[in-house]
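Residue numbers (my numbering): -12 to 178.
All C-beta atoms, glycine included, are put in the ideal place defined by N, C-alpha and C.
Quick notes on the structure that follows.
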């Protein structure tokens, strides 16, 4: 039996990655929240992020029309709820996005942002207006969002976004394997 080409799994070298919760509202006013680990900052002035979403997911279709999206950062104690929100991937049986959001057991707010629901008890959240959409021909589409609002949970972060203590975000290694950060920060002096 031939071994699988390792190139098809090269993305695993980039793990673990934070499992962000991406909030959206469809044109039909259906709110949804899914975990996505393909997100990174691409500009700090202005604050912009790049989000890659699997093209076969309904969230991708919503993002093609929506004016923005939300990003929430859950903590490891919220892993079960995060996994339920990834129903298409985790195979959690729910008939609708509304029932999935309720079944997650996470404390969500649907009113704070017009772009989608946010997690109130995670490390924080941001609301981003879509400024660009890219299709590079792969199985994921890319959405660039510019941050319009941000909230840092004072239980985990100071008002300037620096950690107070050691927050433990949900981090996906691969599939249903998750981890988090160390109990304490390791610092090294600047030169």
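Take residue i and list the residues in its own chain whose beta-carbon comes closer than 6 Å to its own, dropping the five residues that flank it on each side.
i	result
residue 85	none
residue -12	Note that residue -12 scores a pLDDT of 44, beneath 50, so its modelled location is shaky; the value from the coordinates is reported in the next line. Same-chain partners within the cutoff: there are none.
residue 11	19, 46, 49, 53, 56 and 103
residue 63	155, 157 and 167
residue 139	111 and 148
residue 96	105 and 107
residue -9	none
residue 15	none
Who does residue i pair with in a DSSP beta bridge?
i	result
residue 130	38 and 120
residue 12	18
residue 7	23
residue 114	57 and 136
residue 96	105
residue 159	4 and 165
residue 62	156
residue 150	144
Using 8 Å for Cβ pairs, my map puts residue i next to residue j. What's the rounded Cβ distance?
i	j	result
residue -4	residue 24	That belief does not hold up - the Cβ atoms of residue -4 and residue 24 are roughly 15 Å apart, past 8 Å.
residue 110	residue 154	5 Å
residue 38	residue 106	Residue 38 to residue 106, Cβ: 16 Å. No contact.
Buried or exposed for residue i, please, with buried defined as at least 16 other CB atoms from any protein chain shown within 10 angstroms of its CB.
i	result
residue 65	buried
residue 159	buried
residue 19	buried
residue 21	buried
residue 148	exposed
residue 169	exposed
residue 17	exposed
residue -7	exposed
Sorted by chain position, which residues of the same chain lie with C-beta nearer than 7 Å to residue i's C-beta, five sequence neighbours on each side aside?
i	result
residue 161	-1 and 2
residue 75	44
residue 41	47, 126 and 127
residue 68	91, 92 and 93
In chain order, what residues of the same chain lie with their CB nearer than 8 Å to the CB of residue i, ignoring the 5 residues before and after it?
i	result
residue 131	29, 35, 36, 37, 38, 117, 118, 119, 120 and 121
residue 94	106, 107 and 108
residue 71	77, 79, 81, 87, 90, 91 and 92
residue 123	129
residue 152	143
residue 26	5, 7, 9, 36, 37, 38, 39 and 58
Worksheet entry | Touch test, the segment 110 to 126 against the segment 51 to 60, Cβ-Cβ under 8 Å, three pairs minimum | yes
Worksheet item: Hey, is the segment 29 to 39 in contact with the segment 77 to 84, meaning 3+ C-beta pairs nearer than 8 Å?
Response: no
Item to complete: Report yes or no: do three or more beta-carbon pairs, one from the segment 38 to 52 and one from the segment 134 to 147, lie closer than 8 Å?
Response: no
Discussion item. So, does the segment 120 to 128 touch the segment 137 to 146, judging by three or more C-beta pairs under 8 Å?
Written reply: no
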